Amino acid sequence: MLDTILPQSFYARDALVVARDLLGCVLVRDGVALRITETEAYRHPDDSANHCRFGRTPRNAPMWGAPGHAYVYVCYGLHAMLNLVTDADGEGAAVLIRACEIVDGHAIVRGRRGGVRDEVALLAGPGKVGAALGLDTRSSGHALFERGGLEVHEGRVEHVLVGPRVGIDYARPSDREAPYRFADARSRVVTRRRTLTPLVRYASTRGHTEPG
DNA sequence: TGAGCGATTAAA
DNA sequence: TTAATCGCTCAT
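Start counting the first sequence at 1; every next residue gets the next number (the numbering used here).
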């Protein structure tokens, strides 16, 4: 069958473009397949919401590395957040996966008190995405363009919504308001939809296709 | 060695 | 609106 794993070159572009083009792509890991419906871009370290804003640390090291690798960190002590490193090596940019629809597999998501919420078909929120994929920080630094482990397969959406990012009140106003969040307009699995508006002139800007 | 704080979520 | 919860960062 045709190998649809996204090549490393797909990620070697501006985080804003990658975030938009990741909509509709499919995350696959251990029998679970999730279609990406919402993303957020974290650009160069000048972005005051970026984890790299204070320089290189053990935690954010993968973000400073080559594109096409995972950057997973734990938020609020319990949520595994999945990011895909973008741009050139050393740029310090990545895209956060904020929501997905389950395409295949049983995603068992447990509540805080241990109760099984079983087979949630809708994963609105980055913590749920990480839980559904069974991720933890051991996956941080994983090469996404190689077969095995966590893979990302091609996909696309027809219409895109744009708006400000979520949960970064500590950032500079200009960065708080920056339209760095993207979502699939046709999906109902999107957080804070009322703050998003249609993205006009969404054309295919995929420049990762290898010639020949 | 320790205080403070999150790119969140679920329950009240 | 708020508690839960703990690894990471940075300041002693």
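Heads up, the beta-carbon is just placed ideally off N, CA and C, and yes, glycines get one too.
Being a predicted model, the structure only gives us computed values, none of them experimental.
Host beta strand (DSSP E) of residue i (start-end)
i, result
"A94", "A93 to D104"
"E38", "V32 to Y42"
"A49", "From DSSP, A49 is part of no beta strand (DSSP E); its letter is neither H nor E."
"V72", "A70 to C75"
"A132", "Counting along the chain, A132 falls outside any beta strand (DSSP E), though it belongs to the alpha helix (DSSP H) covering P126 to A132."
"F182", "R181 to D184"
"H153", "E151 to H153"
"V162", "V160 to G163"
Where residue i sits in the DSSP three-state scheme
i, result
"D14", "coil"
"P198", "strand"
"T191", "coil"
"A80", "strand"
"A29", "One detail in the question is off: residue 29 reads as Arg in this sequence, not Ala. R29: strand per DSSP, three-state reduction."
"T4", "coil"
"A143", "strand"
"V120", "Residue placement at V120 is flagged as unreliable, the pLDDT there being 45, under the threshold of 50; a coordinate-derived value is accordingly withheld."
"T137", "helix"
Whole-angstrom C-beta distance between residue j and residue i, which should lie under 8 Å
i, j, result
"Y11", "V18", "6 Å"
"A70", "L161", "That pair is no contact at about 25 Å."
Close-in-space but distant-in-sequence residues of the same chain around residue i (CB under 7 Å, 5 per side omitted)
i, result
"L96", "T39, E40, Y42, M81, N83 and P126"
"L135", "V72, A80 and L82"
"G114", "Note that G114 has pLDDT 43, beneath the 50 cutoff, so the model's placement of it is unreliable and the number below is only indicative. Counting only Cβ-Cβ distances below 7 Å, and skipping sequence neighbours, we find nothing."
"Q8", "P67, G68 and F145"
Cβ-based neighbour list, residue i, same chain, cut-off 8 Å, excluding 5 preceding and 5 following
i, result
"V166", "E40, R98, R181, T191 and R192"
Residue i - containing alpha helix (DSSP H), residue span
i, result
"E177", "P173 to E177"
"A61", "A61 to W64"
Contacts around residue i, its chain only, beta-carbon distance under 6 Å, and the 5 residues preceding and following it disregarded
i, result
"C75", "M81"
Could you say if the segment 59-66 and the segment 135-148 meet the contact criterion of at least three C-beta pairs nearer than 8 Å? As far as the Cβ criterion goes, the segment 59-66 touches the segment 135-148, which means the pair count is three or higher.
Would the segment 47-58 and the segment 192-199 be scored as touching if the rule is three or more Cβ pairs under 8 Å? No: fewer than three Cβ pairs fall under 8 Å.
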